[in-house]
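As structure tokens, the structure follows; a few thoughts come after it.
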Amino acid sequence: MTVSNGAMANAIRALAMDAVEKAKSGHPGLPMGAADIATVLFTKVLKYDASAPRWPDRDRFVLSAGHGSMLLYSLLFLTGYPGMSLEQIKNFRQLDSLTPGHPEYGHTVGVETTTGPLGQGIATAVGMALSERMLNAEFGDVVDHHTYVLASDGDLMEGISQEAIAIAGHLKLSRMIVLYDDNGISIDGPLSVADSVDQIKRFEACGWAAERIDGHDQAAILAAIERAQKSDKPSLIACKTTIGYGAPTRAGTAKAHGEALGASEIEGARKALGWPYAPFEIPDDLLAAWRQAGSRGAAPRGAWEKRLAALDPAKRAEFERRIAGKLPAGLPGAIEAFKQKAAADATPIATRKAGEAVVAALAPVVPELITGSADLTGSNNTKVAATPAISPGNYAGRYIHWGIREHGMAAALNGMALHGGFIPSGATFLVFTDYCRPALRLAALMGLRHIEVMTHDSIGLGEDGPTHQPVEHLAALRAIPNLNVFRPADLTETLECWQVALESAHTPSILALTRQNLPQVRTSFMRENLCARGAYELAAAEGAAQVTIFASGSEVEIALEGRKLLAEKGISARVVSVPCLDLFLAQDADYIKRVIGDAPVKVAVEAAIRMGWDALIGPDGVFIGMSSFGASAPYKKLYEHFGITAQAVAAAAIARHNG
């Protein structure tokens, strides 16, 4: 018995409305409206094998409109992805189910990226599409796939979408195809109450091919995708759909978007769709047809395995290492050689320049390390001189000019990390983490190896003034779970922080680096990575410690000088360098206690706000730092003006000691 395409789409609609109804929450509108698009994609277009969800050369499908998660969960169940059972569908939005309210990478097999915050999916997909082209340039036809995105009106209204489509259009990422669920409805009602953008013209202006079709005509959908596959540009297919398709009174209205339809509306939808089956019932012939679609990729996967086997053995081993996310064997030796050199060099250096030296030393032995900048190449210092840059249509490079698109950059780097084969690193000024925080938060939530170099990390950047001087940013970033914020004090600490970032396979990292020169505070070679535990005693007290001074980054120099001033007054002090407060607070209790010590006076110094430091100094501890925005002046004048000096550290410690 032949199963119709319409019936296959209705299976998605039925599962979606039944699951949302059982949960009494969720978004039935998009799955019901976009079911025809998804049916064409998963039965006739997408290269995937449900039995091998991590096949490296699969097409990527990103549900950017993550609120419509039941569309994806229905597809994963129908096509036979491991673990996605009918019971999981019935447990939609319940604790510990594989069907959370929005798709979560690493939680549900078949989910390529966490989505829900609108715009993140389409921007993340840019990084996936770019990774595909870059790996193809390096390894040939063992990397040969497309990236498909299902996006909503909301995705395209978010500002990040403009950054994303501009990047993709400029780089000519022709294997990126966006299917736009053009239903004209948002939560507040008709889209016209808030938006009148011509999306076709908008995408065309950004270098995309774009067209509009009937999103319920499966033949038209297939034909449009086939045209897009032949284009030399990324493609937008605006699929005109009806939200909540089939619902008798809610279809085409905002009421279909984000709430259960209700028993009577579902009964009417079953009649309208010709779906006489009980809740969660999928007829055997329909399920068999869907499962057959899920196994279509077995033959392409077999052909790919033959191509992989035919590669030069060394090249195949390198490809497999990169896809597995394993670091190269030559990395430890390169780190040790650089560390020995750094310990012997007493030249003051800005940590942004130290970072440049580290990247130049490690890049040759870590070919998967990709760097870039949001139009601050000469300031961030992340480009290796010998490393070619990516350009439109030319993907054999290791440096990416992202333009002034911090948010799009961060999201695309998430996509590169998710795709596999690269360790992506971006860069901008620390103050502009405000522009990319949502993507950084998702990197932490997904547990990605994503490294951001954020320079100009304090009032130390000087004359550019308070608009560019980060004050609250370190605390704000440290507040994100599973994100390591590093602030190294010199060349050796910069190397050690980079090492930890590279070795952190499931944690993103930020390296906050200085514009101004700093002295070397680590002048002896030691194989152990002291920064790996977040904090360590840099300078011991002479005798029993009466004061402990904690500092990070550029203020370690101030702490060491304060220690000398205290010694002149007969007060013994020790200095603890805290390059990563996040890592330190995650250590075992004994180590934390030992490093904090039992000195009666505790002082922390950082050219930022106090928030977070009470974990080390207690609420009664002394903090030397910022409590306001900065100002425009040469950086040494600013440190004096705001009282972040060795003299201020010593005076505060003496006052507390004598008090």
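Taking the working numbering, the leading residue of the sequence shown gets 414, the next gets one more, and so forth. For glycine and all other residues, C-beta sits at the position ideal for the given N, C-alpha and C.
- By a beta-carbon distance limit of 8 angstroms, Val555 does not contact Val475. Their separation comes to about 22 angstroms.
- Distance from the CA of Lys684 to the CA of Pro661, rounded to the nearest whole angstrom, comes to 9 angstroms.
- In the three-state DSSP reduction, Met867 falls in the strand class (E or B).
- A distance below 7 angstroms separates the beta carbons of Gly567 and Leu531.
- As far as DSSP is concerned, Leu904 takes part in no beta bridge.
- Around the Cβ of Asn897, a 10 Å sphere holds 16 or more other Cβ atoms; the residue is buried.
- Per DSSP, the unbroken alpha helix (DSSP H) holding Arg765 starts and ends at Thr764 to Leu775.
- Following the DSSP letters along the chain, one finds Leu994 inside the alpha helix (DSSP H) bounded by residues Leu994 to Leu998.
- Contact check for Ser648 against Ile590 passes: the beta carbons are separated by less than 7 angstroms.
- Judged by DSSP secondary structure, Leu592 falls within the beta strand (DSSP E) whose first and last residues are Met589 to Asp595.
- Around the C-beta of Lys739, fewer than 16 other C-beta atoms lie within 10 Å, and the residue is accordingly described as exposed.
- Rounded to whole angstroms, the Cβ separation of Arg765 and Thr846 is 15 angstroms, and the two are not in contact under 8 angstroms.
- With contact defined as three or more Cβ pairs closer than 8 angstroms, the stretch 465 to 481 and the stretch 510 to 530 are in contact.
- Rounded to the nearest whole angstrom, the CA to CA distance from Glu1053 to Ala1059 is 10 angstroms.
- Close CB contacts of Gly659 within its chain, under the 7 angstroms cut and outside five residues either way in sequence, are with Arg426, Met445, Ala682, Ala685 and Leu686 (chain order).
- Every alpha helix (DSSP H) of 4 residues or more that sits fully in the stretch 996 to 1041 is shown, in chain order, as 1002 to 1009 and 1027 to 1030.
- In the DSSP annotation of this structure, the continuous segment of the alpha helix (DSSP H) that includes Ile634 starts and ends at Gln631 to Lys643.
- Taken through DSSP and simplified to helix, strand or coil, Ala727 comes out as helix.
- In the structure shown, His814 falls within a strand segment according to DSSP collapsed to helix, strand and coil.
- When secondary structure is reduced to three states using DSSP, Glu517 falls in the coil class, being assigned neither helix nor strand.
- Given a length threshold of 4 residues, each whole run of the alpha helix (DSSP H) inside the stretch 487 to 545 is given here in chain order: 499 to 503.
- Straight across, the Cα-Cα distance linking Ala802 with His814 is about 7 angstroms.
- Remark: three or more beta-carbon pairs, one from each stretch, lie closer than 8 angstroms, so the stretch 1000 to 1017 and the stretch 946 to 960 are flagged as touching.
- Ranking Gly1038, Asp1033, Thr800 and Ala774 by CA distance to the CA of Thr907 puts Ala774 first.
- With a threshold of 16 other beta carbon atoms within 10 Å, Asp601 falls short and is exposed.
- Burial state of Arg811 is buried, judged by a 10 Å Cβ sphere holding 16 or more other Cβ atoms.
- Proximity of the stretch 906 to 920 to the stretch 879 to 890 falls short of the contact definition, fewer than three beta-carbon pairs being nearer than 8 angstroms.
- Burial of Asn596 is indicated by the presence of at least 16 other C-beta atoms within 10 angstroms of its C-beta.
- A straight-line Cα-Cα distance of about 28 angstroms links Phe751 and Gly833.
- Secondary structure of Ser922 (DSSP, three-state): strand.
- Proximity to Pro692 across Ala723, Gly983, Leu1051 and Asp431 peaks at Asp431, based on C-alpha coordinates.
- The criterion of a C-beta distance shorter than 7 angstroms is not satisfied by Val844 and Pro879.
- The beta carbon of Lys585 is closer than 6 angstroms to those of Pro805 and Gly806 in its chain, skipping five residues each way along the sequence.
- Non-local C-beta neighbours of Asn504 in its own chain, meaning closer than 7 angstroms and more than five positions away in sequence, comprise Ser510 and Thr512, ordered along the chain.
- Under the DSSP assignment, Gly839 falls in the beta strand (DSSP E) whose first and last residues are Ile836 to Phe842.
- DSSP places Gly947 outside both helix and strand once states are collapsed to three, so it counts as coil.
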